[in-house]
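Working notes, structure below.
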Amino acid sequence: MPLRLHRMLAALALAIASTQSSAAAQSRSPDSTFADLSRDGNGVAALLRPITAGFSGQTAEAAFKAIAATARLSFTLDPRLSGMQSRITIPSSVRSAAVALIEVADASNLRVRVSPSGQIIVVEARASAPAARSATPDTTRRDPVVLAAVHAEAERLERVRFASRTDVGGISITGRELRSAPAFVEPDVLRSVQLMPGISARSDYTAGFNVRGGENDQNLILIDGYPIYSPFHFGGIFSTFIDATVGRVELHRGGMPVQYGGRLSGVIDVSPAEPTSTGTHGTAEVSLVSSSASVGRVFADGAGSWMIAARRTYADAIVNRFSSDTFPYHFQDGQAHVARSWANGVRMSATAYAGADVLTPVLNYSFDNWWGNGVAGVTAAKRFDNARLFGIRLGDSVTIEQRASLTRFSSQIAIPEIVYLATDRVTDRRLAGSIAAHSAGSTRTLGYELSFQDLDYHSNSSFAGLADIIPFDSIRQQSRASSVYADQLWRPTTKLLLQVGGRVDAVQASDWIGFSPRVSMKYWLDRNLAVTAAAGSYAQWMHSLGREEEPIQPIQFWIASDSTLPVSRSHDAIVGVERWMNPTRFFHVEAFYKRYDDLLTPNPYNDAGVRGDEFYRARGASYGADVMLRQLDGGPFSGWLAYTYSVSTRERADGLRYFPTQDRRHNLNLVGSWRSGAYTLGARANIASGLPGTPLIGGYIRARYDPIARRWTPDATFDEQVIPGEYNSVRFPKYSRIDVSATRAGRMWGASVSPYLSVVNLLNAHNPAGFLYDYSTRSNRASVPNLPFAPTLGVSIAY
Numbered sequence: 001m002p003l004r005l006h007r008m009l010a011a012l013a014l015a016i017a018s019t020q021s022s023a024a025a026q027s028r029s030p031d032s033t034f035a036d037l038s039r040d041g042n043g044v045a046a047l048l049r050p051i052t053a054g055f056s057g058q059t060a061e062a063a064f065k066a067i068a069a070t071a072r073l074s075f076t077l078d079p080r081l082s083g084m085q086s087r088i089t090i091p092s093s094v095r096s097a098a099v100a101l102i103e104v105a106d107a108s109n110l111r112v113r114v115s116p117s118g119q120i121i122v123v124e125a126r127a128s129a130p131a132a133r134s135a136t137p138d139t140t141r142r143d144p145v146v147l148a149a150v151h152a153e154a155e156r157l158e159r160v161r162f163a164s165r166t167d168v169g170g171i172s173i174t175g176r177e178l179r180s181a182p183a184f185v186e187p188d189v190l191r192s193v194q195l196m197p198g199i200s201a202r203s204d205y206t207a208g209f210n211v212r213g214g215e216n217d218q219n220l221i222l223i224d225g226y227p228i229y230s231p232f233h234f235g236g237i238f239s240t241f242i243d244a245t246v247g248r249v250e251l252h253r254g255g256m257p258v259q260y261g262g263r264l265s266g267v268i269d270v271s272p273a274e275p276t277s278t279g280t281h282g283t284a285e286v287s288l289v290s291s292s293a294s295v296g297r298v299f300a301d302g303a304g305s306w307m308i309a310a311r312r313t314y315a316d317a318i319v320n321r322f323s324s325d326t327f328p329y330h331f332q333d334g335q336a337h338v339a340r341s342w343a344n345g346v347r348m349s350a351t352a353y354a355g356a357d358v359l360t361p362v363l364n365y366s367f368d369n370w371w372g373n374g375v376a377g378v379t380a381a382k383r384f385d386n387a388r389l390f391g392i393r394l395g396d397s398v399t400i401e402q403r404a405s406l407t408r409f410s411s412q413i414a415i416p417e418i419v420y421l422a423t424d425r426v427t428d429r430r431l432a433g434s435i436a437a438h439s440a441g442s443t444r445t446l447g448y449e450l451s452f453q454d455l456d457y458h459s460n461s462s463f464a465g466l467a468d469i470i471p472f473d474s475i476r477q478q479s480r481a482s483s484v485y486a487d488q489l490w491r492p493t494t495k496l497l498l499q500v501g502g503r504v505d506a507v508q509a510s511d512w513i514g515f516s517p518r519v520s521m522k523y524w525l526d527r528n529l530a531v532t533a534a535a536g537s538y539a540q541w542m543h544s545l546g547r548e549e550e551p552i553q554p555i556q557f558w559i560a561s562d563s564t565l566p567v568s569r570s571h572d573a574i575v576g577v578e579r580w581m582n583p584t585r586f587f588h589v590e591a592f593y594k595r596y597d598d599l600l601t602p603n604p605y606n607d608a609g610v611r612g613d614e615f616y617r618a619r620g621a622s623y624g625a626d627v628m629l630r631q632l633d634g635g636p637f638s639g640w641l642a643y644t645y646s647v648s649t650r651e652r653a654d655g656l657r658y659f660p661t662q663d664r665r666h667n668l669n670l671v672g673s674w675r676s677g678a679y680t681l682g683a684r685a686n687i688a689s690g691l692p693g694t695p696l697i698g699g700y701i702r703a704r705y706d707p708i709a710r711r712w713t714p715d716a717t718f719d720e721q722v723i724p725g726e727y728n729s730v731r732f733p734k735y736s737r738i739d740v741s742a743t744r745a746g747r748m749w750g751a752s753v754s755p756y757l758s759v760v761n762l763l764n765a766h767n768p769a770g771f772l773y774d775y776s777t778r779s780n781r782a783s784v785p786n787l788p789f790a791p792t793l794g795v796s797i798a799y
């Protein structure tokens, strides 16, 4: 039944109930179950939702309805009340829905009342305290007043962003929408991000991604705003994000706001899901690879919430249970998030994550292999209304925020130590803060960030060929970076929104200071059509030794810019058009150009005994355009069409010019989800042009002469030597893949139970990820395929 019909029937039932009970209610006050609204929201969670809108000349009736729609309140009002047509002016600021309602009521001489169940009504304000009641009851019959129902339907966040932010290069998408795409084994945030415009991946075996022609390590990945390094499991096939904990993903593919620094290409900020229902609720998911569970609830009458979640693979436990052969690998994750708001404008939140991949000893070898991440962060914010400093008014409201975080990434690989040993440790400590002043048509922000990184990397082996996957070197570093930034967002006219800012970064180990200006704008041609533009500069001083040309990148190893390794720079310019076709569908196109300076690309021939030769220095450019047609979630169909055309070039300091490995010219993704009754069908179709690669034109084996045997024998100290062709001079065949999924929602034992089936590469298309060469046979080349036809199944449970 449509939601609007539900609400109309509810309003009708309320009117009937009011009429039928009027006689019985004569002996008591007709609103005895209601209490005056207070600034703390009377314990109703929805009344604590933040409201930013201001009102200039609108009627009180329109203001009440706008607040009810934004906060999704159960709200009724009588438009015949005298104060409803009062014209009010209230500056915009960040405050709770309760405070906003009180502001409107005070300005129009009305009163807001709230029931224990959260029903809200508006009545006439009393001029004075009610007089003492007469001992003789008033038996005069009065006709009941039936309040008109308000259909409260919140405007989509994407639409709010369209109207209030420049948002050039940005995409915001909910965790539910990301889950609508068919999944490989289980839903995965970073794999779903690969389906967005401007995003591509080197192969099916990585959850990493490249943004508009940039390298994989040029992306800043955040969990609730805190950095996380190498957020991948199982050699990059899975990401570290537990599906149930993902609330919303903010993706920036260029035009990045000034609060983001330290990367050249993109930002992904994964916001944790926060429970909204009373009582304890949770989810569980079982797939062929892993099981996960989450549990959470709201507390303090809806002002706070907490959630914890965990995931673990169990292939090792199953194999070890039923077979004498052991499966020595598993990965595991745990995450917790808690948030609490107070009526005085204070909000605090904390997030913690820990994950690890563990490879246990086999064949009686005493070695220990593991790698993983740990993140812990806390944020405190305080809102001040009509804030003043030394008598100077700063704005309608001011928000001060302070953040602190600790991030660790560590790994150890030993096979065993006499054959191969690699260790890597990164410790990242950060302090950051900002102050934002909000006023009508303007927001000014000042902020800072201090980061401290300790890095220790060591790798060596008696087999030289392993250096193609994990480079040999020993590096110990300390990196310190200090940053300050300023930004102003203002609306000079009703049709124009401007955002201008700048960021200054100082990297101590490199003795480097750089300024990164950033500017963006949005101009509305009409209510549903806007043109956008942005330009900016960016800096990066943390670099990965991982090589883009490898189809599988098991681990990223991080080192920092110092006196031998420069800080990399990039500059971009973007123009675009955004058109809303209806409240849930929009079209979006952007053209971009990026230039890179002092770009560092890993050197596969570096000498472990020479410091500073770990990278080649290069410069380059990327340009192209991407298109997105998106149907938002909420109806029977949701999904998007994403197409990207991109060209990337690089030129090394030694004069070599080439197309980088991630230079994918055409990339088309069609993603859709259809809901019908209990069933949800999902599909994804991907067609993409081939990536560049380096051909091998020959090979040989080094030999030495054995004077005793009087013959030449292969030299065991050397691997087979290959003769490469021109670097990245050929293209792999085009890529094509169709994935499908089906989910059936049902109930069992009071819980929602949804089994699902997902099929990756339904048509079993052969998509080479790379090639292997063997010159001892006539057919000397064999392809390393991407994912073949792979059906998976699982079940999701919510209670």
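Going by this note's numbering, the first residue of the sequence shown is number 1, and it counts up by one from there.
Glycine is no exception: its CB is placed at the ideal position from the N, C-alpha and C atoms.
Just so it is clear, the structure is predicted and the values come from calculations on it, not from any experiment.
Own chain partners of residue i with C-beta closer than 7 Å, once the 5 adjacent residues on each side are dropped
i	result
Glu651	Ala618, Arg619, Gly620 and Arg657
Val44	Val114, Gly118 and Gly302
Proximity of residue i and residue j at Cβ, strictly below 7 Å
i	j	result
Thr174	Arg113	no
Ala539	Asp505	yes
Leu600	Phe615	yes
Arg747	Gly690	no
Phe659	Asn728	yes
Gln335	Tyr353	yes
Gly261	Arg503	yes
Ile687	Ser646	no
Val193	Gly266	no
Ala642	Met628	yes
Ser239	Val189	yes
Ala530	Lys522	yes
Ser279	Ser294	Sequence inspection shows Gly at residue 279; the Ser mentioned does not correspond to that position. Contact flag unset, no.
Asp167	Arg159	no
Gly169	Ile574	yes
Beta-carbon contacts of residue i that lie in its chain and below 6 Å, excluding the five residues immediately before and after
i	result
Leu681	Trp674 and Ala742
Thr644	Pro197, Gly198, Asp626 and Asn667
Ala683	Gly672 and Val740
Thr423	Gln412 and His458
Ser21	Interpretation of Ser21 is limited by its pLDDT of 38, a score under 50 that renders its predicted location unreliable; the figure taken from the coordinates is listed afterwards. Excluding positions up to five away in sequence, the list is empty.
Tyr700	Gln721
Ser783	Pro768 and Phe771
Met256	Val267
is_contact[residue i, chain B] using C-beta, thresh 7 Å
i	result
Ala534	In summary, chain B is missing from the structure at hand, where a single protein chain is found.
Nonlocal neighbours in the same chain, by C-beta distance under 8 Å from residue i, ignoring five residues either side
i	result
Val94	Pro50, Ile51, Thr52, Arg383, Ser397, Thr399 and His438
Leu178	Pro187, Val189, Ser192, Val193, Val246 and Val249
Pro724	Thr694, Pro695, Leu696 and Ile697
heavy atom of the ligand SAM below 6 Å from residue i C-beta
i	result
Arg159	Only the bare structure without any ligand can be found here, which leaves the ligand SAM out of the picture.
Beta-carbon separation (whole angstroms), residue i vs residue j, contact threshold 8 Å
i	j	result
Ser341	Ala380	About 12 Å; that fails the 8 Å criterion.
Gln488	Ser520	Between Ser520 and Gln488 the Cβ distance is about 11 Å, and since that is not below 8 Å, they are no contact.
Leu545	Gly612	Rounded, the Cβ-Cβ distance is 13 Å, inconsistent with contact.
Tyr420	Ala432	No, Tyr420 and Ala432 are not in contact; Cβ-Cβ is about 39 Å, not under 8 Å.
Arg297	Ser305	7 Å
Ser405	Tyr226	4 Å
Counted within 10 angstroms of its Cβ, other Cβ atoms place residue i as buried (16 or more) or exposed
i	result
Tyr205	buried
Trp541	buried
Gly501	buried
Gly54	buried
Arg653	Here residue 653 is Ala; the residue named in the question, Arg, does not match the sequence. By the neighbour-count rule (16 or more Cβ atoms within 10 Å), Ala653 is not buried but exposed.
Pro714	exposed
Asn761	buried
Trp371	buried
Asp36	exposed
Lys495	exposed
His337	buried
Exercise. For the region 281–346, which segments carrying the beta strand (DSSP E) assignment without a break, of at least 3 residues, lie completely within its bounds, in sequence order?
Worked result: Taken in chain order, the unbroken stretches of beta strand (DSSP E) that lie wholly in the region 281–346 and span 3 residues or more are 281–286, 290–299, 304–313 and 329–341.
Exercise. What are the complete beta strand (DSSP E) segments, minimum 3 residues, inside the region 676–737?
Worked result: The region 676–737 contains these whole beta strand (DSSP E) runs: 679–688, 696–700, 703–706, 711–714 and 721–724.
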